[in-house]
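*Asks:*
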Amino acid sequence: GFSENAALITDDRSSLSDISINGLRATKDAVKFYGQGKVHEVPICKGLLDNVKEAHSRYQVDQEKKTQRILKEKEAIAAASKLTKNKELILVEKLQNLLDQRKILQEDLENASKMFNEGNSRLDAAVATKNFAGVAMAQLLIGGAKKKLAVLKTQLGDNNDQMN
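In terms of this note's numbering, the sequence shown opens at residue 69 and continues consecutively.
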């Protein structure tokens, strides 16, 4: 098939933009219409001369708009990148805080377990010696340790949920 673009775009012009190709087409069509296909027969009028004079300034305005658009795109990409980096830093900080909190909770859990074991030891010793004051003291220790263990287990569960 016949392609008008193939005649306009040779190998050295293959990297032209759509705007440039359309400009070449418009020029070729104008030469066909006004000069019957002969460039030297195209009538030169004031409108044509004015367009030629304004062409460079229009080109500069278009280039400036393109440059501004590219700068805005780069700024938007940089802002998005900075936002993503900030979000990553916040997430890393939050994770570190959760890890620190977990470590503290595990230490507290270990201490509560020791307190529970101490209460059981005291209870055994009090029962063996039939010391009822010691039994009451051991029961208070065991009861406090059980409450603390329950609270700490809940807090550790919440901590695990937040980490996931």
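All residues carry an ideal CB built from backbone N, CA and C; glycine is no exception.
Small disclaimer: the values here were computed from a predicted structure and weren't measured.
Taking only three categories from DSSP, how would you classify Ser83?
*Replies:* Correct three-state label for Ser83: coil.
*Asks:* With respect to the alpha helix (DSSP H) encompassing Ile158, which residues constitute its N-terminal and C-terminal limits?
*Replies:* First-last of the alpha helix (DSSP H) with Ile158: Lys114 to Thr197.
*Asks:* Considering only the beta carbon of each residue, do Ala206 and Ala180 sit closer than 8 Å?
*Replies:* No, they are not a contact pair.
*Asks:* When the Cα atoms are used, what is the spatial distance from Leu177 to Ser149?
*Replies:* Approximately 41 Å between the Cα atoms of the pair.
*Asks:* May I have the straight-line CA-CA distance separating Val99 from Leu116, to the nearest angstrom?
*Replies:* Answer to the nearest angstrom: the Cα atoms are 12 Å apart.
*Asks:* Just to confirm the assignment, what range does the alpha helix (DSSP H) spanning Asn227 have?
*Replies:* Run containing Asn227: Phe200 to Met231, per the alpha helix (DSSP H) assignment.
*Asks:* How is Lys96 classed by DSSP in three states: helix, strand or coil?
*Replies:* It is helical.
*Asks:* Using the rule of at least 16 other Cβ atoms within 10 Å of the residue's Cβ for burial, across every protein chain shown, is Leu220 buried or exposed?
*Replies:* Counting Cβ neighbours within 10 Å, Leu220 comes out buried, since at least 16 surround it.
*Asks:* Do the CB positions of Leu224 and Leu166 come within less than 8 Å of each other?
*Replies:* Not closer than 8 Å, so no.
*Asks:* On the three-state DSSP scale, how would you describe Val110?
*Replies:* Here Val110 sits in coil by DSSP.
*Asks:* Could you name the residues of the same chain whose beta carbon sits closer than 6 Å to that of Arg170, not counting the 5 residues immediately before and after it, in chain order?
*Replies:* Around Arg170: Asn227.
*Asks:* Per DSSP, what kind of secondary structure is Gly105 in: helix, strand or coil?
*Replies:* Correct three-state label for Gly105: coil.
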